[in-house]
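Residue numbers for the sequence shown, in numbering that gives the first Met the number 0: 0 to 163.
Heads up, the beta-carbon is just placed ideally off N, CA and C, and yes, glycines get one too.
Predicted model, so just to flag it, every value in this text is computed and none were measured.
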Amino acid sequence: MKTIALYPGSFDPITNGHLDILKRATRLFEKVIVTVAVNNKKDAVFSGEERVELINECISGKEWAKNVTVNQFTGLLVDHAQKMNADTLVRGVRQISDFEYEFRMALTNKRLAPEVDTVFLMPDEEFTFISASIVKEVAYWDGDLSSFVPEVVAKALKNKFRNE
Ligand code: PNS
């Protein structure tokens, strides 16, 4: 039986769509590790530590999240999965346009680590258009973020952009 799943992503920042996928994953796996990819090549608004902290704040006290832990990694995802003893990677697929990239990534990961499988989950319909980049765009122009991200994330985004 598959027990430990890794839910990787940039999470810059975590959105309601990510949380929807995470909640679904907690119903399927005994333990879910959300892991923030910290990649120096990518410009991120939040540091790895900040992203981990925001995710922790979003799930804090939630009954459904009692089997969730959060960490960060740099390097190859499959190496981190092996280190964490995870045999499954969880990725959310919102639309067909996500699929091509996800398919290539899953096949690459499978080539690198054949024992690690990727499972795709669909979010609820209401989250299918939400992405961290769209959320950052709305935040940058001081738009209403209440239906896109939890309040703690909205506040953190506003603080970031206010200080720019
Ligand atoms: O949220 P994102 O940006 O779509 O997540 C992509 C992520 C971080 C999961 C992916 O880029 C990744 O796994 N990066 C780590 C480097 C790696 O293992 N690359 C090989 C798989 S293509």
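Helix, strand or coil at residue i [DSSP, three-state]
i: residue 73; result: coil
i: residue 173; result: The requested residue 173 does not occur in the structure, where the chain is confined to residues 0 to 163.
i: residue 151; result: helix
i: residue 33; result: strand
i: residue 137; result: helix
i: residue 127; result: coil
i: residue 68; result: strand
Buried versus exposed, by CB contacts within 10 Å (16 or more), residue i
i: residue 42; result: exposed
i: residue 126; result: buried
i: residue 95; result: exposed
i: residue 98; result: exposed
Cβ shell of residue i (< 7 Å), same chain only, five flanking positions each side left out
i: residue 151; result: 53, 56 and 57
i: residue 157; result: 138
i: residue 46; result: none
Contact test: residue i Cβ vs ligand 1 heavy atom, cutoff 7 Å
i: residue 8; result: yes
i: residue 15; result: no
i: residue 144; result: no
i: residue 75; result: yes
i: residue 55; result: no
Sequence-distant residues of its chain with Cβ nearer than 6 Å to residue i (five each side left out)
i: residue 77; result: 108, 111, 112 and 115
i: residue 84; result: 3
First through last residue of the alpha helix (DSSP H) which encompasses residue i
i: residue 116; result: No alpha helix (DSSP H) contains residue 116, which is instead part of the beta strand (DSSP E) from 116 to 120.
i: residue 104; result: 95 to 111
Residue span of the beta strand (DSSP E) that contains residue i, given as start and end
i: residue 4; result: 3 to 8
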